[in-house]
Amino acid sequence: MSMKPDVPAGTLTLMILRTVDVLGPLHGYGIARRIEQASGDRLELNQGTVYPALLQLEQRGWIKGSWGVSENNRRARFYAITRAGRKRLAAEEERWRVASEMILRFLDAPGGAR
Amino acid sequence: MSGVRAALARLRATVFRARLDDELDEEIRGHIEMQAEEFVRQGMTPEDARLAARRAFGGVEQIKERYRDRRGIPAVESLARDLRYSVRLLGRTPGFAVIAILTLAIGIGATTAIFTVLNRALLQALPVADPDRLVALNNTSPNRILPTFSYANYEDLRDRTRAFSGLIAYRYAPLSVSHDGINERLWGYLVTGNYFDVVGIRPALGRLIAPSDDEARGAHPIVVVSYKFWQQRMGSARDILGRTLLANGRSYTIVGVTPPGFFGTDVVSAPDLFFPMAMLGEIETGPTWFDDRGVEILFVVGRLRDEVSREQAAADVTALALQLEQEHPEQNKGKRITLSAPGLFGNVMRTPLIGFSALLMLIAGLVLVLACTNLANLLLARAADRRREMAVRLSLGAGRLPLVRQLLTESLLLSMAAGVLGLLIAAWLVSLLEQVKLPIDVPVAVDLPIDRRVLLFNMLLSAFTGVFFGLLPALQATKADLLTALKDSGTAAPGRESTWKKGLIVMQVAVSLVLLIGGGLMLRALSRAQTIPLGFTPERAAEVSFDLRLQGYPPAAWPDLQQRLLERVRSLREVRSAAVADVIPVDMHFSRVRVYADGTLPEASGRAPLTYSNRISPGYFTVMETRLGRGRDFTAFDKAGAPPVAIVSQAFARRMWPGQEAIGRRFRLNDEDAESIEVVGIAADGKYASLNQDAQPMVYRPIYQAVSGSTTVVVRGDGNPATLLALVQAEVRRLDPNIPIASARTLTERLALPLLPARMTAWLLGVFGALALVLAAIGLYGVMSYMVSSRTHEIGVRMAMGARAADVRALILRQGLTLTAVGVAAGVVFATLMARLMRTLLFGVSITDVPTYAGVVALLGVVALAACLVPASRATRLDPVFALRSE
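If you read the sequences in order, they're chains X and W.
Throughout, this note's numbering is defined as the position within the first sequence, counted from one, plus 198.
Throughout, this note's numbering is defined as the position within the second sequence, counted from one, plus 89.
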């Protein structure tokens, strides 16, 4: 059993949206690798779990998948962020900032810490 | 909304499932290969790289499963999966599927057909405006059969009621109609002028009868034709308005056509023509009934005022009935009026209709229950076989619900397929019913639409059936009794469940026995009926009947017309003898009158005895081959003005003058003050109104003396009597080209009518009995097969211990036949109870008729034996070693 933490609930969505927003259209493998790298390999991510998440994002219309050819000539599905996706990403980022600031302030406050 | 968008995406994914599955596979494959290439670049061997890439991806199948759950609509997809699985499973045992569907379909079909009748008669509204506000008034005074009113009483009700915005009256009229060179015997309505206003329909063409068409008696010779009549008889011609047609000897101008779908105000009849009530005296010649308050002949229907409730209306008519009784105590003694929904000849048909349909529904339902129990049994046996499979699936973590759902899908698939087939069967049965032409002259016409309500009934019944026979086996199979099931290696312990099964088999045997004995008794009764002494010879004789009254001939002209016709008919080479009569036997229309013997007082009971009566021409007894014992036949001189004479039956003579000479005695009919009639001859006894009755008194009067417009010509020849029919009909047309023939048939055909109820019952019981027998045989076979397979081990032990094949066979047969015997015993008891109920149809066949019972029991025995023999011989072929190892 790995001692690394699981991906926190709800963060995968944010990570995927952020990835495709920053890097442009990308296939599932690229997204999974990017998230692994960005977390500095501190996350225990089964790469496969990005696929149900991608499906959910696509169903909501935040990303759009289309078949294309990868850098080494392999057929793959590329996911690009949509306008609705950008709006959502902004909202998510804001939410996470507020939430983490709040948690941090709480942890730093006297009596809040151990 | 992203929620809606997601739902749509899911729906799309459900539809394009297979393609999306392929795409996902490709995407995942590509992913793993890219990762593997990356690892190779980092220096791994290709083999290690592929394994590492897979590890990094995680469980491929789990991911796919999660992906799919999110992608489509799981309930629909699992239903589709269940369905596919069920179809495959049923396809593996097509015999089972076919039998299951067929037996269920017959049960469902019969039940649906009966429901269609009930739907029409009791649930569907009349095709009129605002049918809920239309109410029938029923004259329920003592001794009334029909709920009808006299015209005078109707007028008083109409003028005095405060609960109804309109009160209408109508009467069925037998019609003889001539148009475009065709003569027909039809039924019409005589309606009051407000009839169409009150029912609230608009004409399809022209105009309908208005109050101004119903003012002066006999002065409104107009007619409205039904849409059906206009379509079928006038080719939907637009120019029929103003044309005339001849009805009962008078010409009527066509003024309009009723809208399609309108069939009057009774559901089981369909009048072709509508006449103003003012024409009553023209349509039905004879005494005018307008003024006689005692002649109650009109059906009355009213439309409730908007603000009036049914209770208020009931109080209103009750009060009016009391008023009528007080004002006219003689004619309206004990007058009572009740309200009911219209459409069933007032309310008179309701009880018999419900009773008859309930009986049919009971028989059909019984067969359906049998089919269900059978299927439940078969599925139970299969469930037991699959219990191990289920236990394995349950222990692997499958939920019980999906398994039950899977099993129920299977039974629902069967029952829904049966429902569709059943609907076809019902449609066929209903079309047969619609075509039935009753061999009696009554205004019956049924139109039985299969509407949404019938479809809904059919679907619900099918679904209910599927759950009914599927749920118990499904629950049984998925019982979370894992340990026993797994240890048991699939053989269920024969416990309570098999007692159940045995009970079902006993019931099936009993039910099929009851139905078959019923059918058998009816067949015996029918063959017995052929040998009943009738008092006349039906073979080689034929009849043609018509009604001179409907042609407008005055009574004085009738004897002459009949005599002229007889002369012509008798001169035909093919005819050996001929006569005319008012009615000929066997006919339920024979009327009965009271007899007052001269010189004797009415009996102590204060009531004079009743006798059948007929009016006949000379030569009648020769044609009918009825023995004329003593005295003389009538002659042409026994006519109006001559001394009143009669020929009586032996039973009449015995009844009136026991042990004395009857010839020369005198009596009166109907009334103590009527003319005195002399007996001039004695005729042999016979059957008159039904085949069941004992010798009844009968009095024959000369038809030229006691005249009758209703005319039946009877002829006897040497050849086929059917050939005589055309000849006689041609002579009738020569007499008057406009006379419609009411009936033309051989006397043998006529005798089919009194046997009709017996024949229908025999047919019904026979068909359902045979069906029940097949079901019982299948059930028995199923249960015995199951017994053998669940006793495999025991049989193996027995054989290993030295039991011979014959012993094993006897063991199994004994078990099966014991069940049958118990069922037979129960069935015989119920059969005698049922036979008691249908005694009137049995023509003297005993309700415990030994040949019938013995025959049916033997038949059942043979079928049961055959059903047990296959499993029994399968048991004898068991290899003991294998049987023991199977544990």
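No residue lacks a Cβ here, since even glycine has one placed at the ideal position from N, Cα and C.
Within its chain, find whatever has a CB closer than 6 Å to the CB of residue i; leave out the 5 residues flanking it on each side and keep chain order.
| i | result |
| --- | --- |
| residue 199 of chain X | Low local confidence applies: a pLDDT of 37 at residue 199 of chain X is under 50, so the model's placement there is unreliable, with the coordinate-based value given in what follows. Hits under 6 Å: none found. |
| residue 734 of chain W | 727, 767, 769 |
| residue 519 of chain W | 202, 205, 537 |
For residue i, return the contacting residues in chain X, with the cut-off set at a CB-CB distance below 7 Å.
| i | result |
| --- | --- |
| residue 857 of chain W | Near residue 857 of chain W there are no residues of chain X at all, since even the closest Cβ is about 56 Å away, more than 7 Å. |
| residue 139 of chain W | Residues of chain X passing the Cβ test: none, with the nearest at roughly 14 Å. |
| residue 98 of chain W | 257 |
Just reading off the beta strand (DSSP E) that residue i is part of, what are its end residues?
| i | result |
| --- | --- |
| residue 834 of chain W | 832-835 |
| residue 286 of chain W | Here residue 286 of chain W belongs to no beta strand (DSSP E); instead the alpha helix (DSSP H) covers 284-288. |
| residue 365 of chain W | 362-365 |
| residue 787 of chain W | 787-791 |
| residue 188 of chain W | Premise fails: residue 188 of chain W lies in the alpha helix (DSSP H), 183-207, not in any beta strand (DSSP E). |
| residue 703 of chain W | 699-705 |
Measure the alpha-carbon distance for residue i versus residue j and round it to whole angstroms.
| i | j | result |
| --- | --- | --- |
| residue 221 of chain X | residue 257 of chain X | 21 Å |
| residue 873 of chain W | residue 607 of chain W | 28 Å |
| residue 772 of chain W | residue 791 of chain W | 14 Å |
| residue 848 of chain W | residue 421 of chain W | 42 Å |
| residue 502 of chain W | residue 854 of chain W | 30 Å |
| residue 895 of chain W | residue 905 of chain W | 15 Å |
| residue 354 of chain W | residue 291 of chain W | 15 Å |
| residue 620 of chain W | residue 631 of chain W | 20 Å |
| residue 167 of chain W | residue 488 of chain W | 13 Å |
| residue 977 of chain W | residue 877 of chain W | Since the first residue shown for chain W is 90 and the last is 976, residue 977 of chain W is missing from the structure and cannot be characterised. |
| residue 645 of chain W | residue 260 of chain W | 27 Å |
| residue 943 of chain W | residue 199 of chain W | 29 Å |
| residue 247 of chain W | residue 241 of chain W | 10 Å |
| residue 724 of chain W | residue 391 of chain W | 54 Å |
| residue 278 of chain W | residue 649 of chain W | 32 Å |
| residue 443 of chain W | residue 207 of chain W | 8 Å |
| residue 294 of chain X | residue 216 of chain X | 13 Å |
For residue i, which residues from the same chain have a beta carbon less than 8 Å from its beta carbon, with the 5 sequence-adjacent residues on both sides left out?
| i | result |
| --- | --- |
| residue 675 of chain W | 623, 776, 777, 778, 779, 780, 839, 840, 842, 843 |
| residue 462 of chain W | 558, 593, 596, 597, 868 |
| residue 310 of chain X | Summary for residue 310 of chain X: the model assigns pLDDT 47, below 50, so the residue's position carries little reliability; its value from the coordinates is reported in the next sentence. Excluding residues within five positions, the ones whose Cβ falls inside 8 Å are 304. |
| residue 182 of chain W | none |
| residue 109 of chain W | 102, 160 |
Which residues of chain X have a Cβ atom closer than 8 Å to the Cβ of residue i, listed in chain order?
| i | result |
| --- | --- |
| residue 147 of chain W | 244, 245, 246, 247 |
| residue 162 of chain W | What residue 162 of chain W touches in chain X: nothing, since even the nearest Cβ is about 12 Å away. |
| residue 152 of chain W | 244, 246, 247, 249, 250 |
Can you pull the chain W residues whose beta carbon is under 8 Å from the beta carbon of residue i, in chain order?
| i | result |
| --- | --- |
| residue 253 of chain X | 156, 159, 160 |
| residue 273 of chain X | 115, 119 |
| residue 227 of chain X | 119, 120, 123, 124 |
| residue 223 of chain X | Under the 8 Å cutoff, chain W gives no residues; its nearest Cβ is about 14 Å from residue 223 of chain X. |
From which residue to which residue does the alpha helix (DSSP H) around residue i run?
| i | result |
| --- | --- |
| residue 317 of chain W | 316-323 |
| residue 921 of chain W | 894-926 |
| residue 233 of chain X | 226-236 |
| residue 935 of chain W | Note, residue 935 of chain W: premise wrong, no alpha helix (DSSP H); not H, not E. |
| residue 307 of chain X | Residue 307 of chain X -> no alpha helix (DSSP H), and no H or E assigned at all. |
| residue 887 of chain W | 881-889 |
| residue 121 of chain W | 106-130 |
| residue 248 of chain X | 248-257 |
Residues of chain X with a CB under 9 Å from the CB of residue i: which are they?
| i | result |
| --- | --- |
| residue 901 of chain W | Going along chain X, no residue has its Cβ under 9 Å from residue 901 of chain W, so there is no contact; the nearest lies around 57 Å. |
Going by beta carbon distance, what residues of the same chain come within less than 7 Å of residue i, once the five residues before and after it are set aside?
| i | result |
| --- | --- |
| residue 171 of chain W | 494, 495, 498 |
| residue 604 of chain W | 854, 857, 858, 861 |
| residue 407 of chain W | 426 |
Touch test, the stretch 859-875 of chain W against the stretch 291-306 of chain W, Cβ-Cβ under 8 Å, three pairs minimum: No, because fewer than three Cβ pairs between the stretch 859-875 of chain W and the stretch 291-306 of chain W fall closer than 8 Å, the two stretches do not touch.
Okay, do the stretch 382-389 of chain W and the stretch 326-335 of chain W touch, 3+ Cβ pairs below 8 Å being the bar? no
Does the contact criterion of 3 or more C-beta pairs under 8 Å hold for the stretch 651-667 of chain W versus the stretch 736-743 of chain W? Fewer than three beta-carbon pairs drawn from the stretch 651-667 of chain W and the stretch 736-743 of chain W are found closer than 8 Å, and the two stretches are therefore not classed as touching.
What are the residues of the stretch 114-129 of chain W that lie near chain C, defined by any Cβ-Cβ distance shorter than 9 Å? The structure shown contains no chain C; its protein chains are X and W.
Within 8 Å, do at least three Cβ pairs link the stretch 357-365 of chain W to the stretch 311-320 of chain W? yes
Specify whether the stretch 240-252 of chain W and the stretch 392-408 of chain W touch according to this definition: at least 3 beta carbon pairs, one from each stretch, less than 8 Å apart. yes
Do the stretch 340-358 of chain W and the stretch 207-220 of chain W touch if we need at least three Cβ pairs shorter than 8 Å? yes
Taking one C-beta from the stretch 134-152 of chain W and one from the stretch 451-465 of chain W each time, how about it: are there three or more such pairs within less than 8 Å? no
Determine contact between the stretch 677-687 of chain W and the stretch 697-711 of chain W, defined as no fewer than three beta-carbon pairs at a distance below 8 Å. yes
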